[in-house]
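Asks:
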């Protein structure tokens, strides 16, 4: 995994519409209007159970966003340090960052979730009540475990995004800053990162969408996200088909809207042009 | 000129790229206020030597002393040394996310803690000096190559350096823009700035240089006044080079 990337893949989130696609009959519009149309049709003409399901889900939407946003914040912080670590000339720092990326990328997210909540949970359960950190770990709420696991996992991916973004900036920029007298850290924060974020932001938006979708995995930790709420509804009413249809459509509408937001953001970022 | 103090002293410097000798026992003293123009074929090590002066390029042997401080000595703060050395690049390397004015005030404000108002005032004076004060609020991408290079010169001057290093400042420019950049450099030279210039502009060398240094294959082959250099070159390699370009 040591190959140098100068372009950033935009691959594992939802498809991001390009300007070319934004016709009335583009796939994006068909999907969005289709999803909204079906939701509306079912809620109006078959309110039982569809309208009841739809009313039951919003709490889950909030939790899904909560998990996603908190995780992405953690992932961004970890990603920044990981990305800087990966390009560091300090061997130890570089090795730690690279190992983190390799380990996290090699373990499925679902297994990481199980590991942090159940496996480490068992270890934490045996800790003494000697200080507040131990007490917190013993009683770690599922939401916190979920955010830590998701942030930890996506931090590794984000690290690669940051690394590629930083390395996409022309070497002459570093030389110009250094020759003015800026040290390495000042050069990074005043010159490189302010330019790199334009390259970094679109894939970060894409990771956000991917993370939102992957956040459905946290439903196994008893976090009441969209999927979990759906499962709760279905297990009481036995309306599996109807419930999961609505759950899928709600996810679809959210990711479609977000992908559009990402693409319009990408267009706005070009106002001064690139060299 | 001869009794001015030596401000850059390059002594027995070697640099190797694997087995290639990019710099081969180079020694050169530059006095305060002196204008030294370094010429030579591409790959002769002239840019490497210039970049070694502010340690953008490390060297393997020998020493480079700028204003009494060895640039390769880890006990010296290289960033402080670099503040005394303005550098102008072939590709301008302006910061594209900053306007022309912001490019100029950034380093003085962050590194010298000069208040914004004062930094702006200095910057406007410098932009006026290089003839583009009306472009102060424009981003680099909207400027022509010649304008960008003039902003880059002003950015280096904004740190009030003792020495200016120019690394082929006109090589990336369209022919019609070379003049405007050279004019700025001539003005600077007349004001007494110490300048080390790597260039292919022989007219500039002839007009401005106190000393012309000819490098080939990592070595200083010959140096002297422009008069000596262009009219009575001694070394066969110098003669060959001059016959090719003049």
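Residue numbers (this note's numbering), protein chains in the order written: chain V, 1 to 275; chain B, 1001 to 1246. C-beta atoms are modelled at their ideal positions from N, C-alpha and C, and glycine is treated no differently. All figures in this text were calculated on a predicted structure; none of them were measured in a lab.
#1: Using a 10 Å radius around the Cβ and a threshold of 16 neighbouring Cβ atoms, would you call residue 2/V buried or exposed?
#2: On the DSSP bridge assignment, give the partners of residue 1141/B in chain order.
#3: Using only the alpha-carbon positions, how far apart do residue 1102/B and residue 152/V sit?
#4: If you draw a straight line from the C-alpha of residue 109/V to the C-alpha of residue 150/V, how long is it?
#5: Helix, strand or coil, according to DSSP, for residue 249/V in the structure here?
#6: List, in order along the chain, the chain V residues whose C-beta lies closer than 9 Å to that of residue 1089/B?
#7: So which of 183/V, 251/V, 195/V and 219/V has the shortest CA-CA distance to residue 269/V?
#8: I need the straight-line Cα distance from residue 1007/B to residue 1030/B, nearest angstrom please.
#9: Taking CB distances under 8 Å as the criterion, tell me whether residue 186/V reaches chain B.
#10: From 1117/B, 1181/B and 1154/B, pick the residue whose C-alpha is nearest to that of residue 1146/B; which is it?
#11: Counting beta carbon pairs with one atom in the stretch 1036-1045 of chain B and one in the stretch 1193-1205 of chain B, are three or more of them shorter than 8 Å?
#12: What residue range is occupied by the uninterrupted alpha helix (DSSP H) comprising residue 94/V?
#13: For a contact defined as C-beta to C-beta under 8 Å, what are the partners of residue 191/V on chain B?
#14: What separation, rounded to the nearest whole angstrom, lies between the Cα atoms of residue 103/V and residue 95/V?
#15: Going by DSSP, what residues sit across from residue 1198/B in a beta bridge?
#16: When the distance is taken between beta carbons, is residue 175/V closer than 8 Å to residue 1023/B?
#17: Can you confirm whether residue 182/V, when its beta carbon is compared against all beta carbons of chain B, has any partner nearer than 8 Å?
#18: Check distances from the C-beta atoms of the stretch 1036-1049 of chain B to those of chain V and list, in chain order, the residues that come in under 8 Å.
#19: Taking one C-beta from the stretch 232-248 of chain V and one from the stretch 83-100 of chain V each time, how about it: are there three or more such pairs within less than 8 Å?
#20: Taking just the CA atoms, how far does residue 179/V sit from residue 1072/B?
#21: Using only alpha-carbon positions, find the residue among 30/V, 251/V and 265/V that is nearest to residue 68/V.
#22: Do residue 158/V and residue 54/V have their C-beta atoms closer together than 8 Å?
#23: Around the Cβ of residue 60/V, are there at least 16 other Cβ atoms within 10 angstroms (buried) or fewer (exposed)?
#24: Per DSSP, residue 1160/B is paired with what?
#25: Could you tell me the distance, in whole angstroms, from the CA atom of residue 41/V to the CA atom of residue 73/V?
#26: Reducing DSSP to helix, strand and coil, say where residue 1223/B ends up.
#27: Is DSSP giving residue 4/V helix, strand or coil here?
#28: Under the assumption that residue 143/V contacts residue 236/V (Cβ atoms under 8 Å), give the Cβ distance between them as a whole number of angstroms.
#29: Which one of 1132/B, 1242/B, 1149/B and 1154/B has the shortest CA to CA distance from residue 1226/B?
#30: So which residues on chain V does residue 1082/B lean against when the C-beta distance must stay under 9 Å?
#31: Identify every run of the beta strand (DSSP E) within the stretch 1009-1059 of chain B, keeping only runs that are complete inside it and at least 3 residues long; order them along the chain.
#32: Compute the minimum distance between the beta carbon of residue 148/V and the heavy atoms of the ligand COA, and state whether it is under 7 Å.
#33: Give the single residue among 1087/B, 1013/B and 1077/B whose Cα lies nearest to the Cα of residue 1062/B.
#34: Please list, in chain order, the chain V residues whose beta carbon lies closer than 9 Å to that of residue 1076/B.
#35: In whole angstroms, give me the CA-to-CA distance for residue 253/V and residue 165/V.
#36: Within the 8 Å Cβ cut-off, does residue 1107/B reach chain V?
Replies: In this structure, then:
#1: Residue confidence is low: residue 2/V scores 42 on pLDDT, short of 50, so the model does not pin down where it sits. Its coordinate-derived value is still stated next. Residue 2/V is exposed by the Cβ-count criterion.
#2: Answer is none; residue 1141/B lacks a bridge partner.
#3: 38 Å
#4: 7 Å
#5: helix
#6: 172, 175, 176 and 179
#7: 195/V
#8: 6 Å
#9: yes
#10: 1181/B
#11: yes
#12: 91-105
#13: 1095
#14: 12 Å
#15: 1038/B and 1167/B
#16: no
#17: yes
#18: none
#19: no
#20: 15 Å
#21: 251/V
#22: no
#23: buried
#24: Paired residue(s): none; residue 1160/B is not in a bridge.
#25: 37 Å
#26: strand
#27: Only weak support exists for where residue 4/V lies, its pLDDT of 45 falling under 50; the coordinates are left without a value.
#28: No, residue 143/V and residue 236/V are not in contact; Cβ-Cβ is about 23 Å, not under 8 Å.
#29: 1242/B
#30: 178, 179, 180, 181 and 182
#31: 1020-1031 and 1035-1039
#32: This structure simply doesn't include the ligand COA, nor any ligand for that matter.
#33: 1013/B
#34: Ordered by position in chain V, no residue passes the 9 Å Cβ test against residue 1076/B, which lies about 13 Å from the chain.
#35: 30 Å
#36: yes
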